[in-house]
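Numbering (our numbering), first residue to last: 39 to 302.
C-beta: ideal position from N, C-alpha, C; glycine also.
Worksheet: one structure, shown below.
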Ligand SMILES: [Fe+2]
Ligand SMILES: [Fe+2]
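What follows is the structure in structure tokens.
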């Protein structure tokens, strides 16, 4: 990702944190990705011309900031599904279920590609410092199956379950056809991403004790509390919308798997 108007930031960063920058290799690896996800960037890229807008326009700068953050969240989702894949392999989960987790990591890398291309179209990234050595979700030292269940809950049953309504809301609010097209493409993958955690719980269910389920309920409650900071103090309409999503997409669905959690 290009940095157009950030001068001298190298001197300011700590040892561990650095500007989020992406590279693209091209050639054989690009061909593999295009084979796996045909037409993934077949979007109206030419419909937005940033040269027609004042670079100091506050709306443009805000869009660049929001979408730069979006690049990072998609990148973190790719790391999350990669960690989930390893956790599934470690507990001998079914092979097709492991393959789905690995495949969803590729979905997220496609999302990284699309969002970063959108950022470049808008005029480039804004400063974004991050320590990528800490990008993978924290691993607990529980037995492998329970550890995988924790990740399934945090990443899929809570995190991805909320990204669909959040993206739908952004999609309705987005005015420009290019932003709408990118959001629509991201939203397209989120249904299965929010389901893989439940697929895992269906498989692991017979082994989960009452105590395991209580622990997983607590994990879900904590994850919901973390996300709810994003809307708790914001616009009332958005808060109601997301609280309904938590109830319908997380709490009720996990209850059907014998896991009770709550929004605090
Ligand atoms: Fe994504
Ligand atoms: Fe996703």
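Return the residue from the list the options that minimises the CA-CA distance to residue i.
{"i": "residue 187", "options": "274, 68, 131", "result": "131"}
{"i": "residue 249", "options": "105, 298, 147, 266", "result": "298"}
{"i": "residue 154", "options": "179, 101, 190", "result": "101"}
{"i": "residue 254", "options": "183, 110, 169", "result": "183"}
{"i": "residue 104", "options": "133, 114, 164", "result": "164"}
{"i": "residue 243", "options": "226, 293, 146, 78", "result": "293"}
{"i": "residue 125", "options": "74, 177, 152", "result": "177"}
{"i": "residue 193", "options": "264, 88, 180", "result": "264"}
{"i": "residue 266", "options": "277, 257, 273, 256", "result": "277"}
{"i": "residue 107", "options": "143, 75, 168", "result": "168"}
Which residues in the same chain have their Cβ closer than 7 angstroms to the Cβ of residue i, if we skip the five residues on either side of it in sequence?
{"i": "residue 86", "result": "159, 214, 216"}
{"i": "residue 93", "result": "161"}
{"i": "residue 127", "result": "136"}
{"i": "residue 259", "result": "299, 300, 302"}
{"i": "residue 209", "result": "218, 221, 222, 225"}
{"i": "residue 47", "result": "With a pLDDT of 36 at residue 47, under the threshold of 50, the modelled position of that residue is not reliable, and the figure given next carries that caveat. These residues qualify, in order along the chain: 57, 165."}
Need the endpoints of the alpha helix (DSSP H) that residue i sits in, please.
{"i": "residue 279", "result": "274–283"}
{"i": "residue 241", "result": "228–242"}
{"i": "residue 269", "result": "Counting along the chain, residue 269 falls outside any alpha helix (DSSP H), and DSSP gives it neither H nor E."}
{"i": "residue 125", "result": "96–128"}
{"i": "residue 71", "result": "66–74"}
{"i": "residue 293", "result": "290–294"}
Kindly list the residues whose CB is nearer than 6 angstroms to the CB of residue i, restricted to its own chain and excluding five residues on each side of it in sequence; keep chain order.
{"i": "residue 149", "result": "112, 224"}
{"i": "residue 138", "result": "234"}
{"i": "residue 280", "result": "269"}
{"i": "residue 170", "result": "none"}
{"i": "residue 201", "result": "228"}
{"i": "residue 296", "result": "251"}
{"i": "residue 39", "result": "In this prediction, residue 39 has a pLDDT of 40, which is less than 50 and means its spatial position is unreliable; nothing more can be read from the coordinates."}
Kindly identify the DSSP beta-bridge partner or partners of residue i.
{"i": "residue 57", "result": "167"}
Residues in its own chain within less than 8 angstroms of residue i by CB, not counting five upstream and five downstream?
{"i": "residue 18", "result": "No answer is possible for residue 18: it lies beyond the span of the chain, which begins at 39 and ends at 302."}
{"i": "residue 50", "result": "Legend: pLDDT at residue 50 = 43, less than 50; position of this residue unreliable, no value from coordinates given."}
{"i": "residue 78", "result": "71, 72, 148, 151, 152, 223"}
field: Runs of alpha helix (DSSP H) wholly within the segment 134–201 (minimum 4 residues, chain order)
entry: Along the segment 134–201, the alpha helix (DSSP H) occurs as fully enclosed runs of 4 or more residues at 182–189, listed in sequence order.
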